[in-house]
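Trainee: Take a look at the following structure, please.
Residue numbers (the numbering used here): 16 to 93.
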């Protein structure tokens, strides 16, 4: 699989914690591991891109705050 989302600003403290929590939540709702991992990575990257639109370095909290908008954008694509 190829993930077209993300930004270099994801290389920040706590960003991996957001990704692992998101992926764990997707596993908990019953997604298989490959789908949970790829969906989590996509949403994580999309949330980071949305947060990075401000043009300033982002934090893990910014990525977390961007997840609801990332979900909405993903669902709007259907």
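Even for Gly, the Cβ is constructed at its ideal location relative to N, Cα and C.
Restricting to Cα atoms, I'd like to know which of 92, 80, 72, 87 is closest to residue 25.
Mentor: Of 92, 80, 72, 87, the residue nearest in Cα terms is 72.
Trainee: Report yes or no: do the stretch 50-63 and the stretch 83-92 share at least 3 C-beta pairs separated by less than 8 Å?
Mentor: The answer is yes - the stretch 83-92 touches the stretch 50-63, with three or more Cβ pairs under 8 Å.
Trainee: In angstroms with no decimal places, state the Cα-to-Cα distance between residue 89 and residue 46.
Mentor: Their Cα atoms are separated by approximately 16 Å.
Trainee: To the nearest angstrom, how far is it from the Cα of residue 78 to the Cα of residue 40?
Mentor: Near 16 Å, if we compare the C-alpha coordinates of residue 40 and residue 78.
Trainee: Taking the beta carbon of residue 35 as the centre, do at least 16 other beta carbons fall within 10 Å, making it buried, or is it exposed?
Mentor: When all chains shown are included, residue 35 counts as exposed.
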